[in-house]
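One structure is given here, and the rest of the page talks about it.
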Amino acid sequence: MSYYGGTITVAGRNLITGLIAGETITLTRVVVGAGAMPEGVEPIDMTGLVQPIAEASTSVPEVDGGVVYLTVEYRNDMNGGLEEGFWLREFGIFAKTDQSEEILLYYATLGDSPQPVNAYRDNRIDIRRYPVSIQLELGAGVEVDYRPGSFVTSEEAHQMVWGMVQKAAEEMSRALILDIILPAADWQQEGEGYRLDYALAEAAENQYPSMAFHREALETAKKAEVCPTMQSLAGKLRFWAKYRPEEDMAATVSLVSRSGELQGGGGAGGHYVLPIASAKRLGGVRIGENVQIAQDGTISVDRASLPDVATDEEVAAMLEEVFDTTD
Numbered sequence: 003m004s005y006y007g008g009t010i011t012v013a014g015r016n017l018i019t020g021l022i023a024g025e026t027i028t029l030t031r032v033v034v035g036a037g038a039m040p041e042g043v044e045p046i047d048m049t050g051l052v053q054p055i056a057e058a059s060t061s062v063p064e065v066d067g068g069v070v071y072l073t074v075e076y077r078n079d080m081n082g083g084l085e086e087g088f089w090l091r092e093f094g095i096f097a098k099t100d101q102s103e104e105i106l107l108y109y110a111t112l113g114d115s116p117q118p119v120n121a122y123r124d125n126r127i128d129i130r131r132y133p134v135s136i137q138l139e140l141g142a143g144v145e146v147d148y149r150p151g152s153f154v155t156s157e158e159a160h161q162m163v164w165g166m167v168q169k170a171a172e173e174m175s176r177a178l179i180l181d182i183i184l185p186a187a188d189w190q191q192e193g194e195g196y197r198l199d200y201a202l203a204e205a206a207e208n209q210y211p212s213m214a215f216h217r218e219a220l221e222t223a224k225k226a227e228v229c230p231t232m233q234s235l236a237g238k239l240r241f242w243a244k245y246r247p248e249e250d251m252a253a254t255v256s257l258v259s260r261s262g263e264l265q266g267g268g269g270a271g272g273h274y275v276l277p278i279a280s281a282k283r284l285g286g287v288r289i290g291e292n293v294q295i296a297q298d299g300t301i302s303v304d305r306a307s308l309p310d311v312a313t314d315e316e317v318a319a320m321l322e323e324v325f326d327t328t329d
C-alpha cells in the first residue's frame, strides 16, 4: 500500500531550521494536483508536485506554541472554474523567507485514496478540505502571500446574506404595483383575436410586466382565453385575448424595470406603490384613532378611549340578568 499523509519536506525543514527567532516565514501558494508518488521516492524528498492542476487556498493560519494550524481547501469554482474534472491525489504548500527563494514546504499525498473533483458546471460546487499542522521554530512569525478567499467566517457569511437581502429589498422597492380595470368595451379585434391597449403613464418599454386577475374576473378571463402575458410599452400596457371578454376584469399588475429603475411618469426614479388592503388582497392600511403602535410594531387598542365599550364586569352582569341563575 502506498504512503498516505503529509509531511514537511527536506527543503522545508532546512528553511525552518535556518529561521532566526522573530523572522517571518511567508506562505506563498497552495497547489493541488493529480500526480501519484513515484516509486522509490519519499514524500520528504519532494520539491514540487508530480502533476499540478490548480492553485488552492487555506483558512487563515493560526500559530500556537510554534505550530501552524490551517486547513487546505480547493473548490472547483476557484480561478474561473474547473473546466475538466480530475482525481485529487496530492497537494503542496509553498513558502519562503526574506532570505530564501520559494520552496515546497509541505507535501501531502492521498496514496491509494484519491478523491474525484468534478468540473464546475451548473453552479455545482465541489469542495475538498484537508487539515494541516506545521511545526516551526518558536518565535517565528507567519504571513500569507496569497488570498485565502475560499473560506468564509460566520460574520462574513452574515454580512453576505444581509447584503443579498438588502439588494433584493432594493430591487423590490423599484417595482410599481397597482390595480387596474380592463374594460370589456375597449377590446379591438386583431387578426383572429382581440387586443387591448390600456393607457398607463408609468409604463415603459424597459419594464418586465406581470399580472394577476382578481378572483371575480377569473371566469371571464378563462372564457375569453386571455393571454397570461402582456407587453409594456411607452405609456400603455398591451393585452391579448382569443375572444372578446364579456365583462370588465379587475387585475393587479407589477412593473419592474430591466435597468432597475422605473422610467415612466416623466423619468421619475423607481418607487414602490403598496396596494390598499381589502378582504381579497393583502396590502397596506393606515392606523386610525384609538389604536397604538409600539416600537416593535405591535398594534394595540386603547380601550379607555373607545366610546360605549362594556367592561368584563358589565358583560357578566348583563348575562346574569338575561340568564337568571339564582334558581
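Sequential numbering from 3 applies to the sequence shown in our numbering.
In this text, a Cβ means the ideal position worked out from N, Cα and C, and glycines have one as well.
Please determine, among Val43, Asp47, Glu75, the residue with the shortest C-alpha to C-alpha distance to Ala56.
Reading the sequence shown from its first residue, position 54 is the one you call residue 56. Checked all of Val43, Asp47, Glu75; the closest Cα to Ala56 is Glu75.
Pull up the CB-CB distance for Ala243 and Val228, whole angstroms please, since I reckon it's below 8 angstroms.
Mapped onto the sequence shown, residue 243 falls at position 241. Mapped onto the sequence shown, residue 228 falls at position 226. Ala243 to Val228, Cβ: 4 angstroms. Contact.
Rounded to whole angstroms, what's the CA-CA distance from Ala253 to Ile289? Just pull it up for me.
The residue given as residue 253 occupies position 251 in the sequence shown. The residue given as residue 289 occupies position 287 in the sequence shown. Rounded to whole angstroms, Ala253 to Ile289 spans 26 angstroms at the Cα level.
Put Arg123 into one of helix, strand or coil per three-state DSSP.
On the sequence shown, residue 123 is found 121 positions in, with the first residue counted as 1. Coil.
Cα-Cα, which of Leu29, Ala38, Gly195 is closest to Trp89?
Counted from its first residue, the sequence shown places residue 89 at position 87. If we check each option's Cα against that of Trp89, Ala38 comes out closest.
Kindly indicate which residue of Gln101, Ala318, Ala58, Val134 has the alpha-carbon position closest to the one of Leu84.
Here residue 84 refers to the residue found at position 82 when the sequence shown is read from its first residue. Among Gln101, Ala318, Ala58, Val134, the Cα nearest to that of Leu84 belongs to Ala58.
Would DSSP call Ile18 helix, strand or coil?
Numbered from 1 along the sequence shown, position 16 holds the residue referred to as residue 18. Residue state, collapsed to three classes: helix.
Helix, strand or coil, according to DSSP, for Asp199 in the structure here?
By 1-based counting over the sequence shown, the position of residue 199 is 197. Three-state DSSP puts Asp199 in a strand.
When the Cα atoms are used, what is the spatial distance from Thr300 to Val293?
By one-based count along the sequence shown, residue 300 stands at place 298. By one-based count along the sequence shown, residue 293 stands at place 291. Their Cα atoms are separated by approximately 10 angstroms.
Residues in the same chain with beta-carbon distance under 8 angstroms from Ser256, minus the five sequence neighbours each way, listed in chain order, please.
Taking the first residue of the sequence shown as 1, we reach residue 256 at position 254. Hits under 8 angstroms: Ala177, Leu178, Ile179, Pro211, Ser212, Met213.
Buried or exposed: where does Ser234 fall if 16 or more other Cβ atoms within 10 Å of its Cβ makes it buried?
Locating residue 234 in the sequence shown gives position 232, where the first residue counts as 1. Under this definition Ser234 is a buried residue.
Given Val12, which residues of its chain have a CB within under 7 angstroms of its CB, disregarding the five upstream and five downstream residues?
For the purposes of this step, residue 12 is identified with residue 10 of the sequence shown, where counting begins at 1. Ile46, Asp47, listed in sequence order.
List the endpoints of the continuous beta strand (DSSP E) containing Lys244.
Taking the sequence shown and counting its residues from 1, one reaches residue 244 at position 242. Taken as a continuous stretch (DSSP letters only), Lys244 belongs to no beta strand (DSSP E), as it is neither H nor E.
Quick one: Cα of Arg31 to Cα of Phe96, how far?
Here the question's residue 31 lines up with position 29 in the sequence shown. Here the question's residue 96 lines up with position 94 in the sequence shown. The straight-line gap from Cα to Cα measures roughly 5 angstroms.
On the DSSP bridge assignment, give the partners of Ile105 in chain order.
Taking the first residue of the sequence shown as 1, we reach residue 105 at position 103. Note: Ile105 sits in a beta bridge opposite Ala97.
Could you check if Met320 is buried or exposed, using at least 16 other CB atoms within 10 Å of its CB as the buried criterion?
By one-based count along the sequence shown, residue 320 stands at place 318. Burial call: exposed.
What separation, rounded to the nearest whole angstrom, lies between the Cα atoms of Asp128 and Arg77?
The residue you call residue 128 lines up with position 126 of the sequence shown. The residue you call residue 77 lines up with position 75 of the sequence shown. Taking the straight line from one Cα to the other gives about 6 angstroms.
Please report the straight-line C-alpha distance between Tyr330 and Ile10, rounded to a whole angstrom.
Residue 330 is absent from the model: the chain starts at 3 and stops at 329.
Within its chain, find whatever has a CB closer than 7 angstroms to the CB of Glu315; leave out the 5 residues flanking it on each side and keep chain order.
The sequence position of residue 315 within the sequence shown is 313, counting from 1. Hits under 7 angstroms: none found.
List in chain order: all unbroken alpha helix (DSSP H) runs of 4+ residues lying wholly within the region 180-244.
Qualifying alpha helix (DSSP H) stretches, in chain order: 220-226.
So, for Glu104: in the same chain, excluding its five sequence neighbours on each side, which residues have a beta-carbon less than 6 angstroms away from its beta-carbon?
Locating residue 104 in the sequence shown gives position 102, counting from the first residue. Here the set comprises Thr30, Phe96, Lys98.
State the DSSP-derived secondary structure class of Met251, mapped to helix, strand or coil.
Along the sequence shown, read from residue 1 onward, the residue named residue 251 stands at position 249. Reduced to three states, the DSSP call for Met251 is strand.
With distances taken Cα to Cα, identify the nearest neighbour of Tyr245 among Lys225, Leu72, Met251.
Here the question's residue 245 lines up with position 243 in the sequence shown. Of Lys225, Leu72, Met251, the residue nearest in Cα terms is Lys225.
Just mark Arg91 as buried or exposed, buried being the case when its beta carbon has 16 or more other beta carbons within 10 Å.
Walking along the sequence shown from the start, residue 91 turns up at place 89. Buried, by the Cβ-count rule.
So is Pro247 buried or exposed if we call it buried at 16+ other beta carbons inside 10 Å?
One-based indexing of the sequence shown puts residue 247 at position 245. By the neighbour-count rule (16 or more Cβ atoms within 10 Å), Pro247 is buried.
For Tyr196, which residues in the same chain have their Cβ closer than 6 angstroms to its Cβ, ignoring the five residues on either side in sequence?
In the sequence shown, residue 196 corresponds to position 194, counting from 1. Answer for Tyr196: Trp189, Ala243, Arg246, listed in chain order.
Are the CB atoms of Gln330 and Gly68 nearer to each other than 8 angstroms?
Since the first residue shown for the chain is 3 and the last is 329, residue 330 is missing from the structure and cannot be characterised.
Kindly indicate which residue of Ser135, Leu239, Glu194 has the alpha-carbon position closest to the one of Glu207.
For the purposes of this step, residue 207 is identified with residue 205 of the sequence shown, where counting begins at 1. For Glu207, the nearest C-alpha among the options comes from Leu239.
Closest to Pro63 by CA distance: which of Ala186, Glu249, Pro133 is it?
Residue mapping note: residue 63 aligns to position 61 of the sequence shown, counting from 1. That would be Pro133, whose Cα lies nearest to the Cα of Pro63.
Please work out which residues of its chain come closer than 7 angstroms, Cβ to Cβ, to Thr60, disregarding the five sequence neighbours upstream and downstream, and give them in chain order.
If you number the sequence shown from 1, residue 60 lands on position 58. Only Val32, Leu72, Thr73, Val74, Glu75, Pro150 meet the Cβ criterion.
Compute the distance between the beta-carbons of Gly7 and Ala110, then report whether it is under 8 angstroms.
Stepping through the sequence shown from its first residue, residue 7 is reached at position 5. Stepping through the sequence shown from its first residue, residue 110 is reached at position 108. Contact flag set, yes.
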